[in-house]
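S.K.: Protein chains in written order, with this note's numbering: chain H, 3 to 215; chain G, 3 to 215.
All C-beta atoms in this analysis are idealised placements derived from N, C-alpha and C, irrespective of residue type, glycine included.
Protein chains: 2
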Amino acid sequence: MAASGARPRPDDGRLLRGARSRARIREAARALFRERGFDAATLRAIAARAGMGASSIYRHVRSKHELLVLELAELQEEAWREFRRRDARTTATRERVLRFFERQHELLARHPDLTVIAIRATTYPDSRVASRALALNDRTIGLLAEILQGGRVRGDLDPGVDVLVAARALFYGAIGARISWANGLLSEGACRTAIEDTVELLFRGLGRAPASP
Amino acid sequence: MAASGARPRPDDGRLLRGARSRARIREAARALFRERGFDAATLRAIAARAGMGASSIYRHVRSKHELLVLELAELQEEAWREFRRRDARTTATRERVLRFFERQHELLARHPDLTVIAIRATTYPDSRVASRALALNDRTIGLLAEILQGGRVRGDLDPGVDVLVAARALFYGAIGARISWANGLLSEGACRTAIEDTVELLFRGLGRAPASP
DNA sequence: AGCGCTATGCGATCATGTTCGCATAGATGC
DNA sequence: GCATCTATGCGAACATGATCGCATAGCGCT
């Protein structure tokens, strides 16, 4: 593992070689994930494309799922950039939330496979991978909470709600729709509609009596 | 596969033997899942306990995950029985929903492993398994929708809400909390609280203006 | 140059879910 | 009773993610 201990010379030739190898591995993995999907992208194939033996990959990565997490982190970054580029803090909170899910969905829809496997990664015994996947989720939940909080201080939302709980509910509602979509039970449009419906529902609430404590 | 073609004699000795084998396999699988967890319950170990070779299992089951689905279906049944036993249709809808999640959680808490793997099963390439796992989810969503619908006709709920959307939101909210719990990020109590909070939130709604269309 | 040390790489090997070809036993038809 | 068919079972083999022990190379130190 390259990340441990003191590293006096960052220009150590070996470390540079390692960094280049890591880059090649990630590139190969990304390409193969997109070409064949996660499961069909064999470690041996990734290794071959990266120009090395399969076992060498484990010098740089703890498991195949870790490669996935790296890829997911990048996708998340991309979705966020796109969202932030167009986002205005003054927009109605509900709109902002909807826009966010739109951006996210735009990206995930291009990689249905990864969407599903991301969820799978969350269920793996290797707690390293699972918690990193969950951390990604938490980041998204955090962003949603931030949006909601903005709305709350602006008086856009019921001040009594816990924004974190709400953000979680929104997030997992979206996940649920995407699982169905990724399994072919929902068309892409229906998935988007389902997410919108969930947002709508959360804003309106189920109860008849509105602000009854 | 035993389920195909005509079966003139249901007392066919071979079929009986097959049925007994299936029963042994399921019993062995259940025991080992609980003793060691799904991943650590090797197919070869299951086979050994069932008194047969590993490959023979595949005469009765399409994959290891199918054994899981069988087990999950049984757990679901158990949770429902318990819920129905104590449920009264006249109770407040929110209470009923909370009680349902309580029963479900009681059971799942005894099998944290299965909780997680059930989600994983939902992400599997073998669409047979994935859709069966999803079907179980849909059943639960259906029950929740039924509860909500009962509340709606009784005037307990805002008549404008789509009970199915709401049921899904509730269900996936619970799933989200359980994923965190199963990964050790949430204590069991915190998981229950999180689910309750989600229910609470859904009933109250985020928006400030209550019944605005 | 020589000696350790560490990062990297590799082939053999393992564990495990799954598939395959073959064997057996029970049923059916003649 | 024999041929045939089918449900069941088995051991060998396969694919693949992961591990292990050993080799190599680049670095620092003397």
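Short of 7 Å in beta carbon distance, which residues of its chain neighbour Ser65 (chain H), apart from the five on each side in sequence? Order them along the chain.
M.R.: Asp128 and Val131, listed in sequence order.
S.K.: Mind listing, in chain order, the continuous alpha helix (DSSP H) runs of no fewer than 4 residues lying wholly within the segment 108 to 147 of chain G?
M.R.: 114 to 123
S.K.: Is it right to say Thr200 (chain G) is buried, meaning 16 or more other beta carbons lie within 10 angstroms of its own, or is it exposed?
M.R.: By the neighbour-count rule (16 or more Cβ atoms within 10 Å), Thr200 (chain G) is buried.
S.K.: Suppose you measure from the CA of His62 (chain H) to the CA of Ala52 (chain H); what does that come to, to the nearest Å?
M.R.: 12 Å
S.K.: Starting from the C-beta of Ala196 (chain G), find all residues in its chain whose C-beta is less than 7 Å away, skip the five residues before and the five after it, and write them out in chain order.
M.R.: Correct list, in chain order: Ala179 and Leu188.
S.K.: Any idea what DSSP makes of Leu159 (chain G), helix, strand or coil?
M.R.: strand
S.K.: Report yes or no: do the segment 70 to 81 of chain H and the segment 159 to 175 of chain H share at least 3 C-beta pairs separated by less than 8 Å?
M.R.: no
S.K.: Can you find a CB in chain H that lies within less than 7 Å of the CB of Val99 (chain G)?
M.R.: no
S.K.: Please name the residue, chosen from H:Ser133, H:Asp115, H:Gly152 and H:His107, that lies closest to Ala43 (chain H) on a Cα-to-Cα basis.
M.R.: H:Asp115
S.K.: Going by CA-CA distance only, name the one from H:Ser182, H:Leu204 and H:Ala30 that's closest to Arg194 (chain H).
M.R.: H:Ser182
S.K.: Quick one: what does DSSP say His67 (chain G) is sitting in, helix, strand or coil?
M.R.: Residue state, collapsed to three classes: helix.
S.K.: Can you list the residues of chain G that Phe102 (chain H) reaches, using a CB-CB cut of under 8 Å?
M.R.: Going along chain G, no residue has its Cβ under 8 Å from Phe102 (chain H), so there is no contact; the nearest lies around 15 Å.
S.K.: Are the beta-carbon atoms belonging to Glu198 (chain H) and Ala111 (chain H) less than 7 Å from one another?
M.R.: no
S.K.: Residues of chain H with CB closer than 9 Å to the CB of Pro114 (chain G), please, in chain order.
M.R.: Contacts between Pro114 (chain G) and chain H, judged by CB atoms closer than 9 Å, are missing: the closest CB pair is about 11 Å apart.
S.K.: What alpha helix (DSSP H) runs, 4 residues minimum, are completely inside the segment 167 to 210 of chain H?
M.R.: 190 to 206
S.K.: Which residues, in chain order, does the segment 122 to 144 of chain H contribute to contact with chain G at a C-beta distance below 8 Å?
M.R.: Arg122, Thr124, Thr125, Tyr126, Pro127, Ser129, Ala132, Ser133 and Leu136
S.K.: Consult DSSP for Thr95 (chain G) and reduce its assignment to one of helix, strand or coil.
M.R.: helix
S.K.: Is the beta carbon of Ile119 (chain G) sitting closer than 7 Å to the one on Leu72 (chain G)?
M.R.: In this structure, the beta-carbon distance from Ile119 (chain G) to Leu72 (chain G) does not fall below 7 Å.
S.K.: With a Cβ-Cβ cutoff of 7 Å, do Ala25 (chain G) and Ile48 (chain G) count as a contact?
M.R.: no
S.K.: Let me make sure I understand the geometry here. Which of G:Arg36, G:Gln106, G:Ile121 and G:Ile27 has the alpha-carbon closest to that of Gly55 (chain G)?
M.R.: G:Ile27
S.K.: Which value, in whole angstroms, describes the spacing of the CA atoms of Ile149 (chain G) and Val99 (chain G)?
M.R.: Taking the straight line from one Cα to the other gives about 7 Å.
S.K.: Under the three-state reduction of DSSP, which class applies to Gly55 (chain H): helix, strand or coil?
M.R.: coil
S.K.: Give me, in chain order, the residues of the same chain whose beta-carbon lies closer than 6 Å to that of Ala4 (chain G); leave out the 5 immediate sequence neighbours on both sides.
M.R.: Bear in mind that the predicted position of Ala4 (chain G) carries a pLDDT of just 37, short of 50, making it too unreliable to give a figure here.
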